[in-house]
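Q: Structure in structure tokens, see below.
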Amino acid sequence: NIRPIKTYGKMEKDLDFVCVREATEGLYSGLEFKVGDDAAIAMRKITRKGCTRVVRRAFEEAKNRNFNKMIAITKRNILKETDGIFMQEVEKANKEHNLEVEEYYIDNICQQLVKNPERFNSCILLSTNLFMDIVSEAASGNVGSIGNVYSGNFGDNYAMFEPAHGSAPKYKGMNKVNPTATILSGAWMVEYLGEKDIAKAIFKATEDVINEGKYVTYDLGGNAGTKEMANAIAERAQAYLK
Numbered sequence: 001n002i003r004p005i006k007t008y009g010k011m012e013k014d015l016d017f018v019c020v021r022e023a024t025e026g027l028y029s030g031l032e033f034k035v036g037d038d039a040a041i042a043m044r045k046i047t048r049k050g051c052t053r054v055v056r057r058a059f060e061e062a063k064n065r066n067f068n069k070m071i072a073i074t075k076r077n078i079l080k081e082t083d084g085i086f087m088q089e090v091e092k093a094n095k096e097h098n099l100e101v102e103e104y105y106i107d108n109i110c111q112q113l114v115k116n117p118e119r120f121n122s123c124i125l126l127s128t129n130l131f132m133d134i135v136s137e138a139a140s141g142n143v144g145s146i147g148n149v150y151s152g153n154f155g156d157n158y159a160m161f162e163p164a165h166g167s168a169p170k171y172k173g174m175n176k177v178n179p180t181a182t183i184l185s186g187a188w189m190v191e192y193l194g195e196k197d198i199a200k201a202i203f204k205a206t207e208d209v210i211n212e213g214k215y216v217t218y219d220l221g222g223n224a225g226t227k228e229m230a231n232a233i234a235e236r237a238q239a240y241l242k
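Here the working numbering is used: position 36 in the sequence shown is 36, and no number is missing along the way.
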């Protein structure tokens, strides 16, 4: 799972980094069982194959975005074997890519995301399933609205794109929610399918509409409805493609 963290509009912090999460293993593998009535055990499954796959994709993302630093997030001082395999694959891959690689422990990086998230600009943040689930949510809080955060899930042959937020059924039919994450998820899908010019126009149109602040939803400081903001972005994107 890949989640770009980028601020738009009149935000105090100017952020632009990417969270990359292994999404099939770790403590989310479903390997847990009860031991009698008063205890339970969950197993953290980390395989070299799974690590190699996510590490390879993280370095590809760094290359595509011209980022020159990789932040590997672990708790290797405690989880010596499982995070040891993960870091071995990071270091092995970097022999080919030669980026600056820095290891952060999970507790420290959460603190840094609160204190000084700008330090991670132009970086890929990479980790295993549970750790990056936590880190990407913490990082998303810095962009001002979860309605701006989009993501992509990449397999070997297919990809699926989605907003980072939930469905928010309580807002159904109210024409008030921020459409940015849905629009940018679609733009990223279009880029993945090879229509790079169209994707570029949508990304630029979205950023420009938010930065101008005239047609944005309430969570971005405006008074526009969902349709009004989406139409403004669509019209701007069409103009860029002419």
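Glycine included, every Cβ here is placed at the ideal spot set by N, Cα and C. Please read these numbers as outputs of a predicted model, since none were measured by experiment.
Would you kindly work out how many angstroms separate the C-alpha atoms of Arg21 and Asn129, rounded to a whole number?
A: The sequence position of residue 21 within the sequence shown is 21, counting from 1. The sequence position of residue 129 within the sequence shown is 129, counting from 1. Roughly 6 Å between the two C-alpha positions.
Q: Starting from Gly50 and walking both ways along the alpha helix (DSSP H), at which residues does that stretch end?
A: What you label residue 50 is simply residue 50 of the sequence shown in a count that begins at 1. First-last of the alpha helix (DSSP H) with Gly50: 48-65.
Q: Given this structure, state the Cα-to-Cα distance separating Tyr171 from Glu228, to the nearest angstrom.
A: To locate residue 171, count along the sequence shown from 1; it is residue 171. To locate residue 228, count along the sequence shown from 1; it is residue 228. Using only the alpha carbons, I get a separation of about 16 Å.
Q: Residues in its own chain within less than 7 Å of Lys13 by CB, not counting five upstream and five downstream?
A: Locating residue 13 in the sequence shown gives position 13, where the first residue counts as 1. So the qualifying residues of the chain are Thr7, Pro117, Glu118, Asn142.
Q: Which first and last residues belong to the beta strand (DSSP E) in which Leu126 is found?
A: To locate residue 126, count along the sequence shown from 1; it is residue 126. Looking at the DSSP string, the run of the beta strand (DSSP E) that includes Leu126 is 123-127.
Q: If we count Cβ pairs, one from each stretch, closer than 8 Å, do we get three or more for the segment 66-85 versus the segment 141-160?
A: The segment 66-85 is not in contact with the segment 141-160.
Q: Cβ of Glu81 within 8 Å of Cβ of Thr52?
A: Your numbering for residue 81 matches position 81 in the sequence shown. Your numbering for residue 52 matches position 52 in the sequence shown. No, the Cβ-Cβ distance between Glu81 and Thr52 is not below 8 Å.
Q: Pick out whichever of Cys123, Ala58, Ser127 has its Cα sitting closest to the Cα of Leu27.
A: What you label residue 27 is simply residue 27 of the sequence shown in a count that begins at 1. Leu27 has its Cα closest to that of Ser127, out of Cys123, Ala58, Ser127.
Q: Apart from the five residues just before and just after Asp197, which ones in its own chain have a Cβ nearer than 8 Å to its Cβ?
A: Within the sequence shown, residue 197 is the residue found at index 197, counting from 1. So the qualifying residues of the chain are Leu241.
Q: Among Thr226, Lys45, Arg48, Asp133, which has the Cα closest to the Cα of Thr182?
A: Locating residue 182 in the sequence shown gives position 182, counting from the first residue. Cα-wise, what sits closest to Thr182 is Thr226.
Q: Indicate the three-state DSSP secondary structure (helix, strand or coil) for Asn104 in the structure shown.
A: Taking the sequence shown and counting its residues from 1, the one referred to as residue 104 is at position 104. First, the residue type needs correcting, since residue 104 is Tyr and not Asn in the sequence shown. Strand, per DSSP.
Q: Just confirm the distance between the C-beta atoms of Asn178 and Asp219, as a whole number of angstroms; I'd bet it's less than 8 Å.
A: Position 178 of the sequence shown, counting from 1, holds the residue named residue 178. Position 219 of the sequence shown, counting from 1, holds the residue named residue 219. With 8 Å as the limit, Asn178 and Asp219 qualify as a contact, their Cβ atoms being about 5 Å apart.
Q: Measuring alpha carbon to alpha carbon, tell me which residue in Arg57, Ala62, Phe120 is nearest Asp156.
A: Taking the sequence shown and counting its residues from 1, the one referred to as residue 156 is at position 156. The residue with the shortest Cα to Cα distance from Asp156 is Arg57.
Q: Closer than 7 Å by C-beta to Asn1: which residues in its own chain qualify, once you throw out the five before and the five after it? Chain order, please.
A: Indexing the sequence shown from 1 puts residue 1 at position 1. Answer for Asn1: Arg21, Ala23, Ser151, Asn153, listed in chain order.
Q: Compare the C-alpha of Ala93 against each of Phe59, Ile202, Ile109, Gln111 and name the closest.
A: Counting from one through the sequence shown, the residue named residue 93 turns up at place 93. That would be Phe59, whose Cα lies nearest to the Cα of Ala93.
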